[in-house]
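Numbering (my numbering), first residue to last: 1234 to 1393.
Here is the structure we will look at.
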């Protein structure tokens, strides 16, 4: 076996043009079918048909609807937590919600503010606030949202 590998190595080293030509020929032959190549990366192709999780997913999809979504990022010219930027975000949210096929739009404006003003958990449950609630201190709300691990790097960057 060692002898065969040694002979093969010597042949490759002594005949680089033949090896290179052979590799190029294989690539050319393989590339002829590349136009017919299709990659199906849909969930149906990636999951086994008898998979129990797929069955549960399809039942949920029938019950609650399609799980398609689109993420749109927003980087305002002014500071994000300024009234002008939040108003601009509100207009974008409103425009998106009017598009055909859009069932709901969620943004930073919809993120609950739990501790403005500081209240107990029982009071928070009955009186959820968000950035559009009148009287919210935007600088405190910004800090609360950035410090919240649920929001940080998911709906807002860690630097706000």
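C-beta: ideal position from N, C-alpha, C; glycine also.
Notebook entry, point to check: Can you check whether the CB of residue 1328 is closer than 7 Å to the CB of residue 1338?
Noted result: no
Notebook entry, point to check: What residues match up with residue 1385 in a beta bridge as DSSP calls it?
Noted result: 1389
Next item on the list: Verify whether the separation of the beta carbon atoms of residue 1343 and residue 1370 is less than 7 Å.
Entry: no
Check: Expressed to the nearest angstrom, what Euclidean distance is found between the alpha-carbon atoms of residue 1233 and residue 1323?
Finding: Given a span of 1234 to 1393 for the chain in the structure shown, any question on residue 1233 remains unanswerable.
Notebook entry, point to check: According to DSSP, is residue 1267 helix, strand or coil?
Noted result: helix
Item checked: CA-to-CA distance, residue 1290 to residue 1298, given in whole angstroms -> 11 Å
Check: Which full runs of the alpha helix (DSSP H) of 4+ residues lie inside the region 1301 to 1362, going along the chain?
Finding: 1316 to 1330, 1354 to 1359
Note to self: residue 1245 and residue 1238 - do their beta-carbons sit closer together than 7 Å?
What the structure shows: no
Check: If you drop the 5 nearest sequence neighbours on each side, which residues of the same chain put their C-beta closer than 7 Å to that of residue 1265?
Finding: none
Margin query: Applying the 10 Å Cβ sphere with the 16-neighbour rule, what's the burial state of residue 1258?
Written below: exposed
Checklist line | Span separating the alpha-carbon of residue 1256 from that of residue 1242 | finding: 16 Å
Next item on the list: Would you identify the three-state DSSP class for residue 1299, choosing helix, strand or coil?
Entry: coil
Notebook entry, point to check: Can you name the start and end residues of the alpha helix (DSSP H) that residue 1371 belongs to?
Noted result: 1371 to 1380
Margin query: Just to check my reading of the structure: residue 1375 and residue 1314 have Cβ atoms closer than 8 Å, yes? What is that Cβ distance to the nearest angstrom?
Written below: 4 Å
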